[in-house]
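2 protein chains.
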Amino acid sequence: MIDLNRQTELRESIELFFFAYRAFTAPPDRILADRGLGRVHHRILYFVGRQPGTTVTELLGTLGVTKQALNAPLRQLVEVGLIGTTADPDDKRVKRLALTADGAALEAELTGTQLAMLEKLFDKEGRDAELAWKRLMDGLRQA
Amino acid sequence: MIDLNRQTELRESIELFFFAYRAFTAPPDRILADRGLGRVHHRILYFVGRQPGTTVTELLGTLGVTKQALNAPLRQLVEVGLIGTTADPDDKRVKRLALTADGAALEAELTGTQLAMLEKLFDKEGRDAELAWKRLMDGLRQA
DNA sequence: TTTATAGGTCAATATTATTGACTTTTATGC
DNA sequence: GCATAAAAGTCAATAATATTGACCTATAAA
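Respectively, the protein sequence lines represent chains A and B.
So my numbering is basically just the index in the first sequence, starting at one, shifted up by 1347.
So my numbering is basically just the index in the second sequence, starting at one, shifted up by 1347.
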């Protein structure tokens, strides 16, 4: 059992994590809501933007959702022209996804709020703090 | 506009945040699912545990949900004996909430997985890293 | 005594996700 | 060439989570 004072200190971190995540996702959520979109749409736009040419199956793995859960929002993004699709030349079963110009613009707007938050804070707290934060987050990721 | 290399680096942090949060909430989610409970129940147990004697209105503010959204899971927790209620002696409209012994036990189990993750990582990365992480998370929280 | 606050509840609706079953198209191993 | 598998898409049923809106009781305060 962990020392009680230490536990109280660690609980502070749990709360910071919860509230920080909420504050971090709130600005893009608001922009999305104005367009009738949700956080899933942001995630799709984000990862398609990061990995142009990614496939549906890859995206399913990255997002950790079912095919059925991805289908509706992805189709919606294709329909409104934010994501474009092309069949893979070597394997026509595979659909390769990419952002359109409009999609890239919206993605930049959404993610821009988060980039700005991080940049400002990393700048304020310094490079060592930034790297320490990333090491810790990476540790949590694979825990 | 941010430098492109810098932006790529910051995007790494966005992804770490996303995946770390998911990994951080997964273990308690699994324990909860076995009992037919959800993440809301954990949040309620957590904050009632942290602030024994808290009220329904306070909890609504902390969790950022509506009264109707809180009502069902909170009532459920009271019904199964994980949370106890007493009327405030000075203002009988106010209901004061606290964990029962069973509630405290489940809360400790749920939060224990997260405390263990943090303790192990903070121990590994050192005190400076821990404090830097907290400063950054606190900055995000109030951004 | 009027008004406000704390808490609770019913109803309707929306979103997001799940499991399960099934189809089409295309590749690949034999 | 044929059986099998993989990638993508879709329909249906269900569950959970949350919302807005309306309304109620009990208690406190002006």
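Where a beta carbon is used, it is the ideal one built from N, C-alpha and C, also for glycine.
Every value quoted in this text rests on a predicted model; they were computed, and no experiment measured them.
Interface residues of chain A facing residue i [CB-CB closer than 7 Å]
| i | result |
| --- | --- |
| residue 1367 of chain B | 1484, 1487 and 1488 |
| residue 1354 of chain B | 1462 |
Nearest-angstrom Cα separation, counted from residue j out to residue i
| i | j | result |
| --- | --- | --- |
| residue 1426 of chain A | residue 1443 of chain A | 16 Å |
| residue 1478 of chain B | residue 1437 of chain A | 51 Å |
| residue 1355 of chain B | residue 1429 of chain B | 46 Å |
| residue 1391 of chain A | residue 1435 of chain A | 19 Å |
| residue 1366 of chain B | residue 1483 of chain A | 12 Å |
| residue 1368 of chain A | residue 1480 of chain A | 14 Å |
| residue 1379 of chain A | residue 1349 of chain A | 42 Å |
| residue 1472 of chain B | residue 1476 of chain A | 12 Å |
| residue 1490 of chain A | residue 1370 of chain B | 7 Å |
| residue 1470 of chain B | residue 1353 of chain A | 12 Å |
| residue 1381 of chain B | residue 1474 of chain A | 42 Å |
| residue 1466 of chain A | residue 1364 of chain B | 14 Å |
Minimum C-alpha distance to residue i - residue among the options
| i | options | result |
| --- | --- | --- |
| residue 1383 of chain B | B:1370, B:1411, B:1420 and B:1412 | B:1420 |
| residue 1464 of chain A | B:1386, B:1396, B:1488 and B:1366 | B:1488 |
| residue 1393 of chain A | A:1453, A:1418, A:1474 and A:1468 | A:1453 |
| residue 1448 of chain B | B:1424, B:1467, B:1401 and B:1466 | B:1424 |
| residue 1416 of chain A | A:1386, A:1377 and A:1432 | A:1386 |
Partner residues on chain B for residue i, Cβ-Cβ distance less than 9 Å
| i | result |
| --- | --- |
| residue 1370 of chain A | 1487, 1488, 1489 and 1490 |
| residue 1472 of chain A | 1479, 1482, 1483 and 1486 |
Residue i burial status per 10 Å Cβ neighbour count (16 or more: buried)
| i | result |
| --- | --- |
| residue 1439 of chain B | exposed |
| residue 1399 of chain B | exposed |
| residue 1461 of chain B | buried |
| residue 1456 of chain B | exposed |
| residue 1351 of chain B | exposed |
| residue 1458 of chain A | buried |
| residue 1450 of chain A | buried |
| residue 1409 of chain A | buried |
| residue 1396 of chain B | buried |
| residue 1486 of chain B | buried |
Cross-chain neighbours of residue i in chain B, by beta carbon under 7 Å
| i | result |
| --- | --- |
| residue 1402 of chain A | Per Cβ cutoff of 7 Å: no residues; residue 1402 of chain A is ~18 Å from chain B at best. |
| residue 1357 of chain A | 1462, 1465 and 1466 |
Listed by chain order, chain A residues near residue i by CB distance under 9 Å
| i | result |
| --- | --- |
| residue 1421 of chain B | Ordered by position in chain A, no residue passes the 9 Å Cβ test against residue 1421 of chain B, which lies about 18 Å from the chain. |
Neighbour list for residue i in chain B, Cβ cutoff strictly below 8 Å
| i | result |
| --- | --- |
| residue 1361 of chain A | 1393, 1458, 1461, 1462 and 1465 |
Residue i: contacting residues in chain A (beta-carbon distance under 8 Å)
| i | result |
| --- | --- |
| residue 1475 of chain B | 1475 and 1479 |
inquiry  = Closer than 7 Å between beta carbons: that is the criterion. Which residues of the segment 1423 to 1451 of chain A meet it against chain B?
reply    = none
ask   = For the segment 1373 to 1388 of chain A, which residues have a beta carbon sitting closer than 9 Å to at least one beta carbon of chain B?
value = 1374
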